[in-house]
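Worksheet for the structure shown next.
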Amino acid sequence: MYENNDCQAEGEPPSSPVSDDADGAQVDRVMAIAHLPQTAHVAVIGHHTLPFVVALLRRGCGGVRSLRPGSPAPDCEPVDLAWIVDLQDEHELDEALRAARWRTGKRGRVVLEGAACGWRSALAAVGHRALAAGLDIVSFDHTSRRLVLAPTPARLAAVA
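For the sequence shown, counting from 1, position 118 maps to 1193 in this note's numbering; every step adds exactly one.
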């Protein structure tokens, strides 16, 4: 006896395809603003990271991992870029900045999507929070509200 499961499968939500053109163009812009090659190792930090991970893999990134704020990440592998894409509050921003700084080391870059900080006056506080995590703002893309951060020289981090 075989059972037909077509009726049961129809009740499941369809999988949402990732738009290769739109996400790929966004990946290209992020890699360009961070001055990194397409083959860089990247950690995507946030809650909804799958479209970014898939787009990075399609663009040829050498290694991509997804990190969720507040969750353990046992691999601790260094990356060239930490891309913060989706956060819920200031506490997660602090965690994401610390994780990004720790993973990028002395020469990596951190890109923070302005849309990732959807709460009131979030971007205004990023400078102080970034310094506390050992990062400094080095570039700002006004069009996409995207920040690029880099490790802070030791003397500036001590002042913060």
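Just so it is clear, CB atoms sit at the ideal spot from N, CA and C, and this is done for glycine as well.
Exposed unless 16 or more other CB atoms sit within 10 angstroms - verdict on residue i
i	result
SER1141	buried
ARG1178	buried
LEU1222	buried
LEU1224	buried
Residue i versus residue j: straight-line alpha-carbon distance, rounded
i	j	result
VAL1160	ILE1108	15 Å
ARG1143	PHE1215	24 Å
ARG1173	SER1146	13 Å
LEU1206	ASP1150	25 Å
LEU1131	ILE1120	13 Å
ARG1189	THR1218	Here the sequence assigns Gly to residue 1189, which means Arg is not the residue at that position. Near 10 Å, if we compare the C-alpha coordinates of THR1218 and GLY1189.
GLU1152	ALA1199	31 Å
LEU1210	HIS1122	22 Å
ARG1204	THR1227	12 Å
ALA1100	ARG1184	19 Å
THR1124	ALA1208	22 Å
ARG1220	VAL1105	12 Å
LYS1181	ARG1134	25 Å
GLU1167	ALA1175	12 Å
GLU1170	LEU1162	10 Å
ALA1148	ALA1118	11 Å
GLN1113	VAL1213	20 Å
Cβ distance (whole Å) where residue i is taken to contact residue j below 8 Å
i	j	result
VAL1186	LEU1156	7 Å
Element boundaries [alpha helix (DSSP H), containing residue i]
i	result
LEU1125	1125-1133
ARG1176	1165-1179
Enclosing beta strand (DSSP E) for residue i [first to last residue]
i	result
HIS1071	Since the displayed the chain opens at 1076 and closes at 1235, residue 1071 lies outside it and no answer follows.
LEU1142	1138-1142
GLU1188	1184-1188
ARG1221	1221-1226
VAL1154	No beta strand (DSSP E) holds VAL1154; DSSP gives it neither H nor E.
LEU1210	1210-1216
Beta-carbon gap between residue i and residue j smaller than 9 Å
i	j	result
GLY1138	HIS1116	yes
PRO1126	ASP1103	no
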